[in-house]
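> Attaching a single structure in structure tokens format; questions to follow.
Numbering (this note's numbering), first residue to last: 19 to 558.
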């Protein structure tokens, strides 16, 4: 019998998932090394160092979401895919012009940013924490140039339906970061402030390498430099029409997360103070303590582990397919592949979120609790992990659904929904931050993501392409039932695993419940008739 043709969505998802999994594992090791060096809140002269490092690192990463793998990619990839279908020379010329313009724009942006940072440092550098934050920001700001260029090179691979190199490229950052955290900083940096600067330099070096490793294979694919402004002008106009609204629509989660960090930094009680907020007349206490930004960061990083493997992977792979269906006017195939993408995302992201909630404290202890990271820090990190984990399914599904709108050249709808979600998130932040501390900020982000995906999915199915609601409902019922069985198994296994702090005991307490719970979930899901897991394994 002739073997069934393999669906490119499944094949691409498998390749990208494996690369993303390897990168995420390295990322967890990198966060473990960073936690050991800088801790959470810090002590003495190192107090607040991790908070400052996190915010400084978020600045170039926010621009990466806007001009790198986020909005620019979302508006650029459909145009590049269309060119590759009809004229490869035109595709090469468009790619050359886009990368050139991006380099010029971001070089100017970095220069302006460095000037602003210098002025803030000059006038407010003596304010506690500001000098360190500005110093780390100045060092890491050039990373935004290199990582955004690297993201556009990755888009060229995706448009050509080549996924291996893009899946491996993110590992470069983690490898360089680990080398700095394990090798350089402990040996040559005398204190936590100096160690933070070593890590910051490592981030920039990694960005340069992420560009360099992609260039050789791109030339083999035919993407050598061929700058022709006139030939690329029409494609640039198509990109420009959607770019501005996409910046808001696709980056809403990142904007919310960045707002969370700024709020956490601004509303954390300074060391040695009265604990009251002076600009509110000393009538209200600070809702947070030092280390709140770091606690949010560690919680977000753990939640990003399944999101990166599932949601981001599927979004990366499905976008060129949806773009091609939309370009051909094939709304039936568009709806079918969107439904398939959601089924694949949800059947794994729901149990991943449930499992992370159940395992938050053991996982945080295993990964972080060593060196400068204290037991009380573990409890704070576990709290934010739990709050972020409630929204994992929504983060994954949103990335898939938003790509559907952009494939249909509809950037306005995600923008309108995104604007409401930013407002909702801010309202929830200031509602929940006093009773829940940093956990309130994480919960706000999860609630906003949940509302966002529900609204976007309903609008897409009603106005753009009909989704297979029956198959989604059946899949959801199977997922919930299998997750419930998994929950019972994990809770029982936690009662029988050791609780002491020895490394072997911690490994057993983390991996035995995960292995048992994951196995039981997969078996239960299959017994209930679910086919999605088998599709990923068999690639068809």
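For glycine and all other residues, C-beta sits at the position ideal for the given N, C-alpha and C. All figures in this text were calculated on a predicted structure; none of them were measured in a lab.
If we count Cβ pairs, one from each stretch, closer than 8 Å, do we get three or more for the segment 349-366 versus the segment 443-462?
no
> Out of curiosity, what's the CA-to-CA distance linking residue 22 and residue 553?
Here the question's residue 22 lines up with position 4 in the chain shown. Here the question's residue 553 lines up with position 535 in the chain shown. Unreliable positioning characterises residue 22 in this predicted model, as indicated by a pLDDT of 43, which lies under 50. The coordinate reading is nonetheless provided below. C-alpha separation (whole angstroms): 12 Å.
> Tell me which residue opens and which closes the alpha helix (DSSP H) that residue 300 is part of.
Reading the chain shown from its first residue, position 282 is the one you call residue 300. Run containing residue 300: none; DSSP gives neither H nor E here.
> Relative to the C-alpha of residue 394, which residue among 59, 510, 347, 47 is closest?
As a working mapping, residue 394 is identified with position 376 in the chain shown. It is 59 whose Cα lies nearest to the Cα of residue 394.
> Any idea if residue 316 is buried or exposed, counting beta-carbon neighbours within 10 angstroms, 16 or more meaning buried?
Looking up residue 316 in the chain shown gives position 298. When all chains shown are included, residue 316 counts as buried.
> Evaluate contact between the segment 224-234 and the segment 65-74, counting only Cβ atoms and requiring at least three cross-stretch pairs below 8 Å.
no
> Could you give the residue range of the alpha helix (DSSP H) that holds residue 189?
Walking along the chain shown from the start, residue 189 turns up at place 171. Unbroken alpha helix (DSSP H) run through residue 189: 189-196.
> Assess, as a yes-or-no matter, whether the segment 119-138 is touched by the segment 30-45 under the definition of 3 or more beta carbon pairs within less than 8 Å.
no
> Mapping the DSSP letters down to three states, classify residue 306 as helix, strand or coil.
Residue mapping note: residue 306 aligns to position 288 of the chain shown, counting from 1. The answer is strand: DSSP assigns residue 306 an E or B state.
> Nearest by alpha-carbon distance to residue 414: which of 328, 465, 36 is it?
Your numbering for residue 414 matches position 396 in the chain shown. The shortest C-alpha separation from residue 414 is found at 328.
> Hey, residue 286 and residue 318: beta-carbon distance below 8 Å or not?
As a position in the chain shown, residue 286 is number 268, starting the count at 1. As a position in the chain shown, residue 318 is number 300, starting the count at 1. No, the pair does not count as a contact, with Cβ atoms beyond the cut-off.
> Can you find the residues in the same chain that come closer than 8 Å, C-beta to C-beta, to residue 147, ignoring five residues on each side of it along the sequence?
Counted from its first residue, the chain shown places residue 147 at position 129. Around residue 147: 66, 69, 70, 283, 288.
> What is the rounded straight-line gap between the Cα of residue 545 and the Cα of residue 373?
Translated into the one-based positions of the chain shown, residue 545 becomes position 527. Translated into the one-based positions of the chain shown, residue 373 becomes position 355. Spanning the two alpha carbons is a distance of roughly 20 Å.
> Which class does residue 425 belong to by DSSP, given the choice of helix, strand or coil?
As a position in the chain shown, residue 425 is number 407, starting the count at 1. If DSSP states are grouped into helix, strand and coil, residue 425 belongs with the helices.
> Using CA atoms only, rank isn't needed, just tell me which of 297, 421, 302, 298 is closest to residue 342.
In the chain shown, the residue the question calls residue 342 occupies position 324. When only C-alpha atoms are compared, the closest one is 421.
> Residue 321 to residue 410, Cα distance in whole Å?
Translated into the one-based positions of the chain shown, residue 321 becomes position 303. Translated into the one-based positions of the chain shown, residue 410 becomes position 392. Going by the C-alpha atoms only, they are around 7 Å apart.
> With H, G and I counted as helix, E and B as strand and the rest as coil, what does DSSP make of residue 455?
Within the chain shown, the letter at position 437 stands for residue 455. Residue 455: coil per DSSP, three-state reduction.
> Report back the beta-carbon spacing between residue 102 and residue 163 to the nearest angstrom; my notes put them in contact at under 8 Å.
As a position in the chain shown, residue 102 is number 84, starting the count at 1. As a position in the chain shown, residue 163 is number 145, starting the count at 1. Contact flag wrong, Cβ pair sits at about 26 Å.
> Run through the DSSP bridge pairs and tell me what residue 286 is partnered with.
The residue labelled residue 286 in the question sits at position 268 within the chain shown. Residue 286 pairs with 306.
> Quick check on this structure: which residue in 382, 39, 538 has the alpha carbon closest to the alpha carbon of residue 506?
Position 488 of the chain shown, counting from 1, holds the residue named residue 506. Nearest of 382, 39, 538 to residue 506, Cα basis: 538.
> Taking all protein chains shown into account, decide if residue 294 is buried (16 or more other Cβ within 10 angstroms of its Cβ) or exposed.
For the purposes of this step, residue 294 is identified with residue 276 of the chain shown, where counting begins at 1. Classification for residue 294: exposed.
> Out of curiosity, what's the CA-to-CA distance linking residue 543 and residue 144?
The residue you call residue 543 lines up with position 525 of the chain shown. The residue you call residue 144 lines up with position 126 of the chain shown. The straight-line gap from Cα to Cα measures roughly 58 Å.
> Within 8 Å of any Cβ in chain D, is that where the Cβ of residue 172 sits?
You won't find chain D in this structure, because it holds only one protein chain.
> For residue 550, count the other beta carbons within 10 Å of its own beta carbon; 16 or more makes it buried, fewer makes it exposed. Which is it?
Residue 550 sits at position 532 when you count from the first residue of the chain shown. Burial call: buried.
> Give me the residue from 444, 249, 204 with the minimum Cα distance to residue 111.
Indexing the chain shown from 1 puts residue 111 at position 93. Closest by alpha carbon: 249.
> Let's test the definition: count the other Cβ atoms within 10 Å of the Cβ of residue 527 and tell me whether it reaches 16, buried, or not, exposed.
The sequence position of residue 527 within the chain shown is 509, counting from 1. Its Cβ being crowded by 16 or more others within 10 Å, residue 527 is buried.
> Any idea what DSSP makes of residue 114, helix, strand or coil?
In the chain shown, residue 114 corresponds to position 96, counting from 1. Helix, per DSSP.
> Please report the distance separating the alpha-carbon of residue 199 from that of residue 207.
Working through the chain shown from its first residue, we reach residue 199 at position 181. Working through the chain shown from its first residue, we reach residue 207 at position 189. Going by the C-alpha atoms only, they are around 10 Å apart.
> So residue 164 is in the alpha helix (DSSP H); what residue range does that whole segment cover?
Taking the first residue of the chain shown as 1, we reach residue 164 at position 146. Where residue 164 is concerned, the enclosing alpha helix (DSSP H) stretches over 161-177.
> Do residue 138 and residue 152 have their C-beta atoms closer together than 8 Å?
Walking along the chain shown from the start, residue 138 turns up at place 120. Walking along the chain shown from the start, residue 152 turns up at place 134. Yes, these two residues count as a Cβ contact at 8 Å.
> Quick check: what's the CA-CA separation for residue 371 versus residue 172?
Within the chain shown, the letter at position 353 stands for residue 371. Within the chain shown, the letter at position 154 stands for residue 172. One C-alpha to the other measures close to 28 Å.
> Using the C-alpha atoms, what's the distance from residue 34 back to residue 19?
In the chain shown, residue 19 corresponds to position 1, counting from 1. In the chain shown, residue 34 corresponds to position 16, counting from 1. Its pLDDT being 38, under 50, residue 19 is placed unreliably by the model, and the measurement read from it follows with that caveat. Cα to Cα, the separation comes out at about 29 Å.
> Would residue 142 be called buried (16 or more neighbouring beta carbons within 10 Å of its own) or exposed?
Here residue 142 refers to the residue found at position 124 of the chain shown. When all chains shown are included, residue 142 counts as exposed.
> Can you give the Cα-Cα distance for residue 90 and residue 247, rounded to whole angstroms?
For the purposes of this step, residue 90 is taken as residue 72 along the chain shown, with counting starting at 1. For the purposes of this step, residue 247 is taken as residue 229 along the chain shown, with counting starting at 1. Residue 90 and residue 247: Cα-Cα distance of roughly 18 Å.
> For residue 483, tell me which candidate among 340, 305, 179, 80 has the shortest Cα-Cα distance.
Here residue 483 refers to the residue found at position 465 of the chain shown. Ranking the options by Cα distance to residue 483, first place goes to 340.
> Would the segment 353-363 count as touching the segment 433-450 if we require 3 or more Cβ pairs under 8 Å?
no
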